[in-house]
Amino acid sequence: MNLLAIERDAIVGNEFIENFDFAEVEEFIKNASANLFISHKFKNSNEILVQPRGGFPTYDKVFELYEEFEKVKVDVLPLTIDSNTRLNDYESARKMLKLSEESEMDMLNGYPLINHGYRTTRRMITHFDTPVSLRHGTPDARLLVEVALASGIFEIEGGPISYLLPYSKNFPLDKAFLYWKYVEKVCAKYSKLNLPINRESFGPLSATLQPPAIVLVIQILEMLLSLEEGVKSFSVSFSQTGSMNQDIVSSNVIKKLSRFYADKFGHDDATINLVYHQWMGAFPRDKNFSESLINTSTVIASIVGADKIITKTRDEAFGIPTKEANALTVANTKYTLKILKGIPKISDEEEEENLTNEVNEILEAVFNDKADTLWRKIFNSIKKGYIDIPFSPHIINNNEVITIRDKNFNIRILEKGKLPISKKSFDYEKSKIKLDKDRTVVDQIIDGIGIML
Amino acid sequence: MNLLAIERDAIVGNEFIENFDFAEVEEFIKNASANLFISHKFKNSNEILVQPRGGFPTYDKVFELYEEFEKVKVDVLPLTIDSNTRLNDYESARKMLKLSEESEMDMLNGYPLINHGYRTTRRMITHFDTPVSLRHGTPDARLLVEVALASGIFEIEGGPISYLLPYSKNFPLDKAFLYWKYVEKVCAKYSKLNLPINRESFGPLSATLQPPAIVLVIQILEMLLSLEEGVKSFSVSFSQTGSMNQDIVSSNVIKKLSRFYADKFGHDDATINLVYHQWMGAFPRDKNFSESLINTSTVIASIVGADKIITKTRDEAFGIPTKEANALTVANTKYTLKILKGIPKISDEEEEENLTNEVNEILEAVFNDKADTLWRKIFNSIKKGYIDIPFSPHIINNNEVITIRDKNFNIRILEKGKLPISKKSFDYEKSKIKLDKDRTVVDQIIDGIGIML
Amino acid sequence: MKVVTGVVGNDVHVVANRLIEISLKERGFEVFNLGVNTYLEEFIDAVVETRADVLLISSLNGEAEGWCRDLQSLKSNYDLKDVIFMIGGNLGVGEMNPAEIVPKFKDYGFDLVFHQVDLNEGLDVLEEYLGARR
Amino acid sequence: MKVVTGVVGNDVHVVANRLIEISLKERGFEVFNLGVNTYLEEFIDAVVETRADVLLISSLNGEAEGWCRDLQSLKSNYDLKDVIFMIGGNLGVGEMNPAEIVPKFKDYGFDLVFHQVDLNEGLDVLEEYLGARR
Ligand code: B12
Ligand code: B12
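Chains A, B, C and D are the protein sequences, given in the same order. Residue 234 in the working numbering is what sits at position 234 of the first sequence, and the numbering runs on without skipping anything. Residue 1086 in the working numbering is what sits at position 86 of the second sequence, and the numbering runs on without skipping anything. Residue 2060 in the working numbering is what sits at position 60 of the third sequence, and the numbering runs on without skipping anything. Residue 3088 in the working numbering is what sits at position 88 of the fourth sequence, and the numbering runs on without skipping anything.
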């Protein structure tokens, strides 16, 4: 028995789950329907796939949600996990699931997958025979991913950086790398049995004034960590920045560079997809405005040429959306994608050059770190502040980078902290910022957070 | 007393209107508030102005509609005229207005301005102190425009071609030119008293598969006819084609060519604005889809850099919208315009060159006609089929031009009839069309009409 | 079978009218299309003149009621009891309740009334109706 | 005036928390920001330790109720009757009726409850409340 096998046995031996039968799970994955694999759908579709967000505490409510999504011909179903499970607090999840089942009131903001178990959940997934994407935000997702894959969920979102810096306060970063290595290995292993399991990185990060350069760096690094373990299908992603041009620039650069670095590291057999998130920041309180915002995101997704779009709803500012509101967005988004034809090819050479330089500069600094493995290089780089995101709750994040919007709502780097970008690149950023002398910088940053309100 | 003055006296001597006091009207216009002039607003605003469509039979309902629009900070108010008045059938309009007033049910699809008169209507217009745009579709709009201007309506839409070919069956074309010449003259005259009266051409035409080349030709010709009479502020317009790229191409070419021809004909002191119409063709029956469509139009208006956008509503497929639905679109449109920043500059050289050539080729043929005046040249050109629009109800229209959508929903010329475009231009059009051999051409044209359903 | 068709009143919406003509011809009818802006009297004259079996009126701009309320009295001037009177399109201004609008137009003397129904659905019903009468 | 603040439970929404810290400081408060993912016990400990006048809790992810229902019993372990207990953010999962949610959290032992109210509006009320008590 090799080391991974021993670790897997230990992981699934968790007290909160029913007995885990690896042989049966392998058999299930070997024979699983092609329709459950998003990698299959990416390959065989010319359209942008539409995936909502959503998850409820009880089995029945998720089932009803999926029925609603099925009616509007959803492409990819989401399974969003509650925040206790995300933090491996299965005991709190268990208690609140019980309360939810008894009281008809939702005491959890997602589906506690561990407590439901894979036997139950698989029943639902195979019933709908549509790819499901696991959305969580968990630094230690080993058990969660084992249960997900055993349930028939063949797309796993996240990564050691993108699911740690925005999602945790003090979970140890080195552990996150090792735990995600486990996830990659298991995904790679199962990918050999049938079609590839797809991994996806979470580009929105803290969803607030995230500079494209850092988003792209994290996307490319998580992609490399994943491909390194044998994953063959990977999605990089980012969310609407607030400036249409910056979205276009980001997408052109990420398409080019993710392919470039995948090939450079010897993974030219891997498929790379692009995912666009509808606006992830603070939503307006007017639900009609939310719909306008969402539709505008859809138009931009078309323009940037994403392979998948992940939607929001008119209820976003108010709480977890009703299933009806959620299905409505899917229907509307699919309608808009259908009518949008004759999309021009757009590029902005100056901006693309600057973003390309910044990403290359930061990556070079990471690769030049003295450590022996890629994950240790990245670990050191985060500690040194080479990678630093605004609005991270995590204690390891350097918190020196400050961003602000320029007059076209582009996110620009005002303070670069320890980011290893060149003077030329930083000068470019600064040249775009025009501060209003009569107001505090903080007030201008707050304006930039609230542009969609 | 000059000829125009004699004609004006005769026109306002119509039995359906109350006594017309020219001196008082001049005095009123001389002292009218700058806020009533859209030409003033165009000059002093960096934003795209938002103008809904709307009109009801009774004074009270229009007043309530305007109140609703005022709440959402509309930029330009519309006054849409009913279809009897449009065809100078004031007697039918009178009867149906009476029925509408008695029964609380609307028996007219717009405001019968002649029957209400300018004294009444001016009360409303000056009360709201916001520019009003007259929307009608009337080949003989002489009386209508006199009453409108006397009411304080300082933007007049239409023209002898754009309000005839799509709006009439057998109104004599030569008369339309002469009657519109009257309109231009009156607008030019009043423009000297205060700020310029704005004239606007109606680019959507029959709103169904209209080829951009012909739309642009008609826009430029109506602009020249108007500037020739002394009008100093003119808006060219077009409506969403169904292909984002074709919209961008149309707007780049029309901006360039309208300025070019205005200058060429010696009108470099005239201001030219660009107006974009949200989708004017058949609307979907699902009101949420209609909203998605409308918002998509708004995003495109931003991208093409229009000066004004004219909106539709979620009720479009069902009938004249309620005032609430109408105000909702204005609010949503203004929201989307506000959040849309960082719009890239886009162009498509090949398409722009082709469209520029086609427009120039047709215009050259028009200008080369042997007649002595511009309007007679245009008159002859329409009779010869040099200008020919699909889906015109008018008997003079040549009806030989047939258009169809290519796979990116661009409108392409399948049959050129007598259009004086070069072989090179027509070859370009044909090279883009891929007909499906297994289906009739008519069915493929019908598909192209129904792309938004 | 002969059909007279057109758009009633001061109404210039021509697109559906063109498609109706095409569809009727494909279905084997002989079509007399009077086009847009046609008054009720002109329709009746054409029906009498061509000895049509069906009069198919479109109205899109919402003003049908004002133009069609006199149908009964016009009908009574001629022997038109074998002619099928059919109307479709948008039969009122604003959003209308089909449950109210259909009986109203039947009262005015129409046999088949279609408010916001697709033209081909309507023509299918016409063919069924003709079949049943035979 | 001393304020202890932070985000309760397994909740990582940090943006409002950062802004609350800035706004409190601008208003002249001395701020102890425990950040996100803070449990009720930690809040109480910090209030006792710093002798804070106000405990200002945020909850954004909807799970506040599960984390705050034990406040009364925790309060009873200490002498905290002069401390103002304040909570705000999104106080339930899904769309909630503020009319129901406010009394519920008052029952749990909060003096000031703000469901989906802007932070500065809430801080204005806090200042008024403090003024009235003086
Ligand atoms: C294109 C259009 C125009 C073009 C018309 C160009 C032309 N010459 O044809 C222009 C821009 C010029 C125009 C002008 C006006 N229009 Co217009 N127009 C439209 C629009 C957007 C599409 C119509 C269309 O071509 N549809 C495609 C064809 C294939 O479908 P259709 O006409 O909808 O018909 C379908 C059915 O009704 C059915 N059908 C039709 N006839 C019959 C008959 C039978 C027996 C059967 C079974 C079925 C049937 O078959 C069709 C396919 O399913 C509609 C709104 C919509 N539907 O989305 C408004 C609309 C019809 N217009 C309207 C109005 C009011 C006007 C104006 C008065 C301006 C105004 N106030 O806004 C003027 C009319 C002037 C006049 N004198 O009539 C209103 C009518 C309002 C109402 N009923 O309450 C509509 C509904 C828009 C609205 N919501 O306000 N219009
Ligand atoms: C950005 C964001 C994220 C980012 C957060 C990054 C970070 N680390 O901060 C990411 C993407 C990581 C994220 C994750 C999740 N999120 Co989130 N997120 C948002 C979003 C879009 C904006 C939040 C924000 O930053 N707003 C800007 C700040 C300035 O305002 P605010 O936080 O809304 O707070 C305002 C008021 O509440 C008030 N306020 C706050 N605290 C207090 C305290 C007092 C005393 C007063 C008076 C006022 C006050 O002041 C602020 C300004 O007015 C909101 C939806 C929205 N609001 O539009 C959802 C939202 C808060 N998230 C939600 C959820 C459920 C989650 C997840 C569980 C994932 C999921 N199931 O979808 C995870 C949470 C993981 C966890 N363990 O907590 C839900 C909460 C649901 C509910 N309450 O019913 C929301 C409402 C979205 C939704 N409709 O589903 N999220």
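The beta-carbon is built from N, C-alpha and C at its ideal position, and this holds for glycine as well.
Identity of the residue in the options nearest residue i by Cα
i, options, result
"B:SER1133", "B:TYR1059, B:ILE1294, B:GLN1051", "B:GLN1051"
"A:SER191", "A:PHE367, A:GLY152, A:ARG259", "A:GLY152"
"B:GLY1458", "B:LYS1256, B:SER1251, B:PHE1260, B:PHE1265", "With chain B represented from 1001 up to 1453, any question about residue 1458 of chain B goes unanswered, as that position is not in the structure."
"B:TYR1118", "B:LEU1340, B:GLY1110, B:LEU1144", "B:LEU1144"
"B:VAL1217", "B:SER1168, B:PRO1078, B:ASP1247, B:LEU1419", "B:LEU1419"
"A:THR311", "A:GLY319, A:ASN295, A:GLU324, A:THR322", "A:ASN295"
"B:ASN1252", "B:ASP1348, B:ILE1382, B:ALA1141", "B:ASP1348"
"C:ASN2097", "C:LEU2056, C:GLN2072, C:PHE2114", "C:PHE2114"
"D:VAL3083", "D:GLU3049, D:GLU3065, D:GLY3066, D:GLY3092", "D:GLU3049"
"B:GLU1146", "B:TYR1167, B:TYR1179, B:SER1381", "B:TYR1179"
"D:ASN3061", "A:SER103, A:PRO321, A:ILE6", "A:PRO321"
"B:PHE1128", "B:SER1033, B:PHE1171, B:GLU1429", "B:SER1033"
"A:SER239", "A:LEU328, A:THR298, A:ALA262", "A:THR298"
"B:LYS1416", "B:PRO1211, B:VAL1012, B:LEU1004, B:ALA1005", "B:PRO1211"
"A:LEU340", "A:GLY305, A:ILE214, A:THR85", "A:GLY305"
"C:ALA2064", "C:LEU2119, C:HIS2013, C:GLY2122", "C:HIS2013"
"A:LYS98", "D:LEU3056, D:VAL3036, D:GLY3066", "D:GLY3066"
Closer than 7 angstroms at the beta carbon, the chain A residues around residue i
i, result
"D:GLU3100", "Here the premise fails: no neighbours, minimum Cβ distance about 11 angstroms."
"D:GLU3095", "ASP315, PHE318, GLY319"
"B:SER1292", "ASN295, ASN332, TYR335, THR336"
"D:LEU3019", "ILE446"
"D:ASP3011", "SER83"
Beta strand (DSSP E) segment containing residue i, residue limits
i, result
"B:LEU1274", "1271-1277"
"B:LYS1308", "1308-1310"
"C:ASN2033", "2030-2033"
"B:ARG989", "Residue 989 of chain B is absent from the structure shown; chain B starts at 1001 and stops at 1453."
"B:THR1403", "1402-1405"
"B:THR1296", "Counting along the chain, B:THR1296 falls outside any beta strand (DSSP E), though it belongs to the alpha helix (DSSP H) covering 1287-1304."
Proximal residues of chain B, C-beta to C-beta of residue i below 8 angstroms
i, result
"C:VAL2015", "SER1206, THR1208, ALA1282, PHE1391, ILE1449"
"C:ILE2022", "VAL1442"
First and last residue of the uninterrupted alpha helix (DSSP H) at residue i
i, result
"A:PRO78", "Element bounds for A:PRO78: not the alpha helix (DSSP H) but the beta strand (DSSP E), 77-80."
"A:VAL147", "142-151"
"C:GLY2109", "Element bounds for C:GLY2109: n/a, residue is neither H nor E."
"B:LYS1418", "Here B:LYS1418 belongs to no alpha helix (DSSP H), and DSSP marks it neither H nor E."
"A:THR329", "323-339"
Partners in chain A for residue i, counting only beta-carbon separations shorter than 9 angstroms
i, result
"B:ASN1288", "GLU291, LEU328, ALA331, ASN332, TYR335"
Neighbour list for residue i in chain A, Cβ cutoff strictly below 8 angstroms
i, result
"B:ILE1433", "Per Cβ cutoff of 8 angstroms: no residues; B:ILE1433 is ~14 angstroms from chain A at best."
Beta carbon proximity, residue i to chain F, threshold 8 angstroms
i, result
"C:GLY2092", "The chain labelled as chain F is not found among the protein chains of the depicted structure, namely A, B, C and D."
Contact list for residue i against chain D, beta-carbon separation under 8 angstroms
i, result
"A:MET96", "GLU3063, GLY3066"
"A:MET107", "GLU3063, GLU3065, GLY3066, VAL3093"
Cross-chain neighbours of residue i in chain B, by beta carbon under 7 angstroms
i, result
"A:SER239", "The premise fails here: A:SER239 is roughly 15 angstroms from chain B at the closest Cβ pair, so nothing lies under 7 angstroms."
"A:VAL299", "THR1296, VAL1299"
"A:PRO212", "The premise fails here: A:PRO212 is roughly 12 angstroms from chain B at the closest Cβ pair, so nothing lies under 7 angstroms."
Query raised in the report: Of the residues that make up the stretch 1139-1173 of chain B, which ones have a beta carbon closer than 9 angstroms to any beta carbon in chain C?
Result: PRO1166, TYR1167, SER1168, LYS1169, ASN1170
Report task. Quick one: which residues of the stretch 2050-2064 of chain C get their C-beta closer than 7 angstroms to a C-beta of chain B? List them in chain order. Result -> ASN2061, GLY2062, GLU2063
**Report entry** Residues from the stretch 3028-3052 of chain D in contact with chain A, defined by Cβ distance under 9 angstroms
**Finding:** GLY3035, VAL3036, ASN3037, THR3038
**Report entry** Chain-ordered residues of the stretch 1346-1366 of chain B with a beta carbon less than 8 angstroms from chain A
**Finding:** ILE1346, ASP1348
Query raised in the report: Listed from N- to C-terminal order along the chain, which residues in the stretch 1386-1420 of chain B have their beta-carbon within a distance smaller than 7 angstroms of any beta-carbon of chain A?
Result: ASN1408, PHE1409, ASN1410
Query raised in the report: When Cβ atoms are compared, which residues of the stretch 1227-1255 of chain B fall closer than 9 angstroms to chain A?
Result: Across the stretch 1227-1255 of chain B, CB contacts with chain A closer than 9 angstroms involve THR1241, GLY1242, SER1243, MET1244, ASN1245, GLN1246, ASP1247, ILE1248, VAL1249, in sequence order along the chain.
Query raised in the report: If you measure beta-carbon to beta-carbon, which residues of the stretch 62-75 of chain A are closer than 9 angstroms to chain D?
Result: none
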